[in-house]
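Take the sequence shown: its letters are residues 1009 to 1151, numbered as in this note's numbering.
Worksheet: the structure to be examined is printed underneath.
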Amino acid sequence: MSARRTGGGGREAGVTEQREGSRRRGQGELEALVLAALREADGPATAGRVQERLGGDLAYTTVITILTRLLAKGVVTRERTGRSFAWTSASDQAGLAAHRMRRVLDAESDREAVLASFVTGLGPDDERLLRELLRQTKDEGEV
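Laid out in C-alpha cells, this is it:
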C-alpha cells in the first residue's frame, strides 16, 4: 500500500509515509558524522561504539555500510579486534572534501576544462590562497 493524494491536498497514511519530523540527510552528511565520531574517539572504535557516539539514531548495519564505503575511499582504516573491527579515521574533514573533489574531477573527460572553469569561478581571496598553496607545493618539491 502506498501513500496517495486525497482530494484535499493531504496524503492518506500508508507504509511509504515518513515519520513526522524526519528528513533525508544530504549526500556525504552521514559520512561526515561517522568521521567526526571516529576523530573524537580516544583511539580506534568499533562500529557499535561509533553508533553510540552518534546517539543511536542510525542502525548498526547503516554504520557498518558507511564505514565500509569510507574504507573503500581510503578515508578510514580498520584492524581486526576479536570478531569485529576497530576503525580509525585516516583523514580529516578537509581530506574528505578533497577526496570528493578529486572523484568529481576524475569522472570528467576534459580535466583541463573542469579545472579552468573551477579556477575562473573562484573569488579573489580563494584564488590568492590557491596560488599560495601551489607555490608552497612547488617549493617543497624542489627541496
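For glycine and all other residues, C-beta sits at the position ideal for the given N, C-alpha and C.
Using three-state DSSP, classify residue i as helix, strand or coil.
i       : result
THR1145 : helix
LEU1041 : helix
LEU1130 : coil
ARG1136 : helix
For a quick check, are the C-beta atoms of residue i and residue j less than 9 Å apart?
i       : j       : result
VAL993  : ALA1049 : The chain is shown only over 1009 to 1151; residue 993 falls outside these bounds and no answer can be derived.
VAL1084 : LEU1043 : yes
TRP992  : ALA1055 : Because the chain in this structure spans residues 1009 to 1151, residue 992 falls outside the shown range and cannot be described.
SER1097 : ARG1047 : yes
SER1099 : HIS1107 : yes
If we count the other Cβ atoms within 10 Å of its Cβ and call it buried at 16 or more, is residue i buried or exposed?
i       : result
ALA1053 : buried
VAL1071 : buried
ALA1102 : exposed
LEU1078 : buried
(message) At 4 residues or longer, what runs of the alpha helix (DSSP H) sit wholly inside the region 1046 to 1119?
(response) Segments of the alpha helix (DSSP H) lying fully in the region 1046 to 1119: 1055 to 1061, 1068 to 1080, 1101 to 1114.
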